[in-house]
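Participant:
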Amino acid sequence: TAARWRTRCRELGIGEIHLAFTLAFDSFVPRDIGFDAAIEFPPNNVVARDITAQVPRLDPHFAGRVHDWRSLAAAPPMLPDDAGTLHRGVCPAWDNEARRAGRGRVFMHAAPRRYRDWLVAAMRDTLRRCANRESALLFINAWNEWSEGAYLEPDARLGYAWLEATGAAQRMVAASPQVAAPPKPPRRVCVVLHAFYPELLDEFLLPLRTWGMPYRLLLSTVAASEKAVRQRIAALGMTAEIQVFENRGRDVLPFLQLASRLLDEGESLVLKLHTKRSLHRGDGETWRRDLLDKLVALDESECILQAFRRSLR
Numbered sequence: 001t002a003a004r005w006r007t008r009c010r011e012l013g014i015g016e017i018h019l020a021f022t023l024a025f026d027s028f029v030p031r032d033i034g035f036d037a038a039i040e041f042p043p044n045n046v047v048a049r050d051i052t053a054q055v056p057r058l059d060p061h062f063a064g065r066v067h068d069w070r071s072l073a074a075a076p077p078m079l080p081d082d083a084g085t086l087h088r089g090v091c092p093a094w095d096n097e098a099r100r101a102g103r104g105r106v107f108m109h110a111a112p113r114r115y116r117d118w119l120v121a122a123m124r125d126t127l128r129r130c131a132n133r134e135s136a137l138l139f140i141n142a143w144n145e146w147s148e149g150a151y152l153e154p155d156a157r158l159g160y161a162w163l164e165a166t167g168a169a170q171r172m173v174a175a176s177p178q179v180a181a182p183p184k185p186p187r188r189v190c191v192v193l194h195a196f197y198p199e200l201l202d203e204f205l206l207p208l209r210t211w212g213m214p215y216r217l218l219l220s221t222v223a224a225s226e227k228a229v230r231q232r233i234a235a236l237g238m239t240a241e242i243q244v245f246e247n248r249g250r251d252v253l254p255f256l257q258l259a260s261r262l263l264d265e266g267e268s269l270v271l272k273l274h275t276k277r278s279l280h281r282g283d284g285e286t287w288r289r290d291l292l293d294k295l296v297a298l299d300e301s302e303c304i305l306q307a308f309r310r311s312l313r
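Just so you know, we're using full-length UniProt numbering here: the sequence shown kicks off at 1 and counts up by one.
#1: Does DSSP classify Cys130 as helix, strand or coil?
#2: Look at the alpha carbon of Leu258 and the alpha carbon of Ala48, and state the distance between them as a whole number of angstroms.
#3: Please report the straight-line C-alpha distance between His87 and Asp95, rounded to a whole angstrom.
#4: Go ahead and pull the three-state DSSP assignment for Gln178.
#5: Of the residues Ala101, Val55 and Val192, which one's Cα is nearest the Cα of residue 320?
#6: Work out the CA separation of Phe107 and Asn44 for me, nearest whole Å.
#7: Please give the ranges of any beta strand (DSSP E) in the stretch 44-110, keeping only runs that are unbroken, at least 3 residues long and fully inside the region.
#8: Just confirm the distance between the C-beta atoms of Gly64 and Gly102, as a whole number of angstroms; I'd bet it's less than 8 Å.
#9: Helix, strand or coil for Ile242? Go by DSSP, reduced to three states.
#10: For Leu236, which of helix, strand or coil comes out of DSSP?
#11: So Arg216 is in the beta strand (DSSP E); what residue range does that whole segment cover?
#12: For Asp117, which residues does DSSP report across the bridge?
#13: For the stretch 291-306 against the stretch 205-214, are there 3 or more C-beta pairs whose distance is under 8 Å?
#14: Give the list of continuous alpha helix (DSSP H) stretches no shorter than 4 residues that lie fully inside the stretch 154-205.
#15: Rounded to the nearest angstrom, what separates Ala169 and Leu279 at their Cα positions?
#16: By DSSP's criteria, Val270 is part of a beta bridge. Which residues make up the other side?
#17: Could you tell me which residues DSSP pairs with Leu253 in its beta bridges?
#18: Between which two residues does the beta strand (DSSP E) containing Ile140 stretch?
#19: From what residue to what residue does the beta strand (DSSP E) around Phe21 run?
#20: Going by other Cβ atoms of all chains shown within 10 Å of its Cβ, with 16 needed for buried, is Pro154 buried or exposed?
#21: Using DSSP's beta-bridge definition, name the partner residues of Ile39.
#22: Hey, could you find the ends of the alpha helix (DSSP H) Ala307 is sitting in?
#23: Would you tell me roughly how many angstroms separate the C-alpha atoms of Gly167 and Tyr151, rounded to the nearest one?
#24: Which stretch, first to last residue, makes up the alpha helix (DSSP H) that contains Glu11?
#25: Whose CA, out of Val120, Arg31, Gly282 and Thr22, lies closest to the CA of Ala2?
#26: Tell me whether Asn247 is buried or exposed, calling it buried when 16 or more other Cβ atoms sit within 10 Å of its Cβ.
#27: If you count every other CB in all the chains shown that lies within 10 Å of the CB of Asp50, and 16 or more means buried, which is it?
#28: Do Val244 and Pro198 have their C-beta atoms closer together than 8 Å?
#29: Measure how close the beta-carbons of residue 362 and Ala37 come, nearest whole angstrom, since I'm counting them as under 8 Å.
#30: Indicate whether Pro56 and Gly89 have their beta-carbon atoms separated by less than 8 Å.
#31: Buried or exposed: residue 354, going by 16 or more other Cβ atoms within 10 Å of its Cβ?
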């Protein structure tokens, strides 16, 4: 069949064609069936980790399977380098429960950032494999596969996040086509402290100064408080990364921006603190100190870290 297509296209003046098939259900070496390339079609033909038994409050009558999307993104290419041309493929998410009610195939833990990182890795691998960049192809499954829960189109829940992640991946690869993975940071806790009330800083900084646990300190504050924050850090002889934010979103927006940066830098442990007064409670001051004690007391901190290690997922 492939030979007939090629011959007919030449006869019609179309010229040489590039024949590729998706690795949707069966897996072949392209040249064995007269094709030029294969196209990855995740999640099909990928052995993804089954986490059905770990999903809490799952309908006992559910007859489908739940998988970990992260294992999908971490899977190796579907064909080895010597098996012919492979066009890499990625998917933002997958959930066909809407089409297969009660027996769908669902992938948990998909997220725009993780999709972005997978796309970056696939693009860089494509450039590594392809001598001619003009012919480099990569496929995303899909633009609007709503019935399978795999789409880049904007939605009410995440807005333009999938499209923004796609654009970010393109910019990252354009800036660094081939980059080794960044060195892993030392195992430590990133303490992200929002210092809206500089007069409360000592209450947080003094316990941290004698914490006994390796940490990296990042402070967010507003322009009006920056000078006081820097002076207090210097007076205590501490080192901190201080970033000024507009007073919008209280402590949450600064934290989200700092957390995004920390993820890009490979950090994995964050302790979020906030110089909050909690004036709506008569015991607000006591409540704040109690919470802080439970987080930065060394024994408590070790217990928290051990709990994280036992449940990395």
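The beta-carbon is built from N, C-alpha and C at its ideal position, and this holds for glycine as well. If you're wondering where the values come from, they're calculated on a predicted model, not measured in any experiment.
Facilitator: Judging by the given coordinates:
#1: As a first step, residue 130 must be located in the sequence shown, where it is residue number 130. In the displayed model, Cys130 falls within coil according to three-state DSSP, outside both helix and strand.
#2: Against the sequence shown, residue 258 aligns to sequence position 258. Against the sequence shown, residue 48 aligns to sequence position 48. Distance between Leu258 and Ala48, taken at the CA atoms: about 31 Å.
#3: On the sequence shown, position 87 is the one that residue 87 refers to. On the sequence shown, position 95 is the one that residue 95 refers to. If I take the Cα positions, the gap works out to 23 Å.
#4: The sequence position of residue 178 within the sequence shown is 178, counting from 1. Three-state DSSP puts Gln178 in coil, outside helix and strand.
#5: No statement about residue 320 is possible, as the shown extent of the chain runs from 1 to 313 and does not include it.
#6: Within the sequence shown, numbered from 1, the residue matching residue 44 stands at position 44. Within the sequence shown, numbered from 1, the residue matching residue 107 stands at position 107. The alpha-carbon atoms of Asn44 and Phe107 are separated by roughly 12 Å.
#7: Correct list: 65-68, 85-90 and 105-108.
#8: Against the sequence shown, residue 64 aligns to sequence position 64. Against the sequence shown, residue 102 aligns to sequence position 102. The Cβ separation is near 7 Å, so the contact holds.
#9: Counting from 1 along the sequence shown, the entry for residue 242 is found at position 242. It is a strand residue.
#10: Here residue 236 refers to the residue found at position 236 when the sequence shown is read from its first residue. Correct three-state label for Leu236: coil.
#11: Against the sequence shown, residue 216 aligns to sequence position 216. Here the beta strand (DSSP E) through Arg216 covers Tyr215 to Thr221.
#12: Taking the first residue of the sequence shown as position 1, residue 117 is located at position 117. According to DSSP, which records beta bridges pairwise, Asp117 is partnered with nothing at all.
#13: Yes: the two stretches touch, three or more of their Cβ pairs being nearer than 8 Å.
#14: Fully contained in the stretch 154-205 are the following alpha helix (DSSP H) runs of length 4 or more, in chain order: 161-175.
#15: Residue 169 sits at position 169 when you count from the first residue of the sequence shown. Residue 279 sits at position 279 when you count from the first residue of the sequence shown. Using only the alpha carbons, I get a separation of about 44 Å.
#16: Stepping through the sequence shown from its first residue, residue 270 is reached at position 270. Looking at the DSSP assignment, Val270 forms a beta bridge with Cys190.
#17: In the sequence shown, counting from the first residue as 1, residue 253 sits at position 253. DSSP lists no partner for Leu253.
#18: Counting from one through the sequence shown, the residue named residue 140 turns up at place 140. It spans Leu138 to Ile140 - the beta strand (DSSP E) in which Ile140 sits, taken as one unbroken run.
#19: Here residue 21 is taken as the residue at index 21 of the sequence shown, counted from 1. It spans Ala20 to Leu23 - the beta strand (DSSP E) in which Phe21 sits, taken as one unbroken run.
#20: For the purposes of this step, residue 154 is taken as residue 154 along the sequence shown, with counting starting at 1. It is exposed - the Cβ of Pro154 has fewer than 16 other Cβ atoms within 10 Å.
#21: Counted from its first residue, the sequence shown places residue 39 at position 39. Note: Ile39 sits in a beta bridge opposite Thr22 and His87.
#22: Indexing the sequence shown from 1 puts residue 307 at position 307. Counting along the chain, the alpha helix (DSSP H) containing Ala307 begins and ends at Leu298 to Arg310.
#23: Residue 167 sits at position 167 when you count from the first residue of the sequence shown. Residue 151 sits at position 151 when you count from the first residue of the sequence shown. Answer to the nearest angstrom: the Cα atoms are 15 Å apart.
#24: For the purposes of this step, residue 11 is taken as the residue at position 11 of the sequence shown. Start and end: Ala2 to Glu11.
#25: Along the sequence shown, one-based indexing puts residue 2 at 2. Nearest option by C-alpha distance: Arg31.
#26: By one-based count along the sequence shown, residue 247 stands at place 247. When all chains shown are included, Asn247 counts as exposed.
#27: Here residue 50 refers to the residue found at position 50 when the sequence shown is read from its first residue. Counting Cβ neighbours within 10 Å, Asp50 comes out exposed, since fewer than 16 surround it.
#28: Indexing the sequence shown from 1 puts residue 244 at position 244. Indexing the sequence shown from 1 puts residue 198 at position 198. The answer is no: Cβ separation not under 8 Å.
#29: Since the first residue shown for the chain is 1 and the last is 313, residue 362 is missing from the structure and cannot be characterised.
#30: Looking up residue 56 in the sequence shown gives position 56. Looking up residue 89 in the sequence shown gives position 89. Contact flag unset, no.
#31: Nothing in the structure corresponds to residue 354, since the chain is present only between 1 and 313.
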